[in-house]
Structures are given as C-alpha cells and as structure tokens.
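Heads up, the sequence shown is in this note's numbering, so the first residue is 91 and it goes up one at a time. Here a beta-carbon is modelled for each residue, glycine too, at the ideal position from N, C-alpha and C. Because the structure is a prediction, the values reported are computed rather than measured. Here the structure is laid out as structure tokens; the discussion comes afterwards.
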Amino acid sequence: MELDEARRVWIVEDEPAAAAVAAELCQNVGVESTLFRAPLPFLTALRGDDPPAAVVLDWRLEHELSAALFLATRHRFPTLPIVFWTGSPVDLLPDMIRADASTRVVDKAAGAGAFEAALGWAVGESPAAG
91 MELDEARRVW
101 IVEDEPAAAA
111 VAAELCQNVG
121 VESTLFRAPL
131 PFLTALRGDD
141 PPAAVVLDWR
151 LEHELSAALF
161 LATRHRFPTL
171 PIVFWTGSPV
181 DLLPDMIRAD
191 ASTRVVDKAA
201 GAGAFEAALG
211 WAVGESPAAG
C-alpha cells in the first residue's frame, strides 16, 4: 500500500518491539509514520511548523514523561489528534487525558483492529469510540 504523507503520524514509543508494531500497523493502512524513541527529538520536532496529522503516544514512557509530552503537544497544537497506545487500564490515565475530545485511548491488548480504528479517526477517516 502506498503511504500518504498528508496522513503522517508521529509515534513516541521507547519499547523497540511496540514501536515496530505501531509503525507496521500504520504502514498497513497507508499512513506514513515517524518514530521517536526519546522525548527530546519529539519535542524538537513539535517546535517546528509542520505538524503531523496525529501523534501516537505510549502511556508508559521511561521516566513517566507521557503526561508531559501530552501537555506539550496540547500547548503547541490544542486540537491535534492524539492516540494513547497503552497496556494500562484506561481508568488509570489522568482525567485530563480521558476527557480530552481530541484524544483516544487504545489498549495494546485490544489488538490491531482497535489501533487501526483509532488511527483512522486520528487521520480523519472515521469515528472511533473514545
């Protein structure tokens, strides 16, 4: 499948296997992805003028930086779609994330379909349950 640069997402995932799976799932649905394995390159890119269509964040990043990256993204791009891809129960995520209208939370255990549905929502293809 040909990748569509207009549907480019940034993936912030520090676990190599999960990062590879997320990138592969994006590719499978024709979405270009850029992988950030550490916060600083992501924050540097976030300061640029060319935002992605969406951001995929791992909730359990090293040093518990996920909430800080969420806030930085919201500060720079208040309505940019964010998909939190997590192995944690949704109710353990902070209210500011669960209540955010431009954020979807996907359990990694829910499989590829749940991730792909949220990705479709994030790049404007179809609604996904929040």
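**Q.** Contacts around Arg98, its chain only, beta-carbon distance under 8 Å, and the 5 residues preceding and following it disregarded
**A.** Val121, Glu122, Ser123, Thr124, Pro142, Ala143
Q: Please classify Leu161: is it buried, with 16 or more other beta-carbons within 10 angstroms of its beta-carbon, or exposed?
A: exposed
Q. Count the other CB atoms within 10 Å of the CB of Arg166; is the residue buried (16 or more) or exposed (fewer)?
A. exposed
(Q) What does the alpha-carbon distance come out to for the pair Asp197 and Asp139? (A) 31 Å
Q: Hey, could you find the ends of the alpha helix (DSSP H) Trp211 is sitting in?
A: 202-212
**Q.** Contact under 8 Å by Cβ, Thr176 with Trp149
**A.** yes
(Q) Considering Cα atoms alone, identify which of Ala202, Leu133, Ala191, Ala200 is closest to Ser156. (A) Leu133
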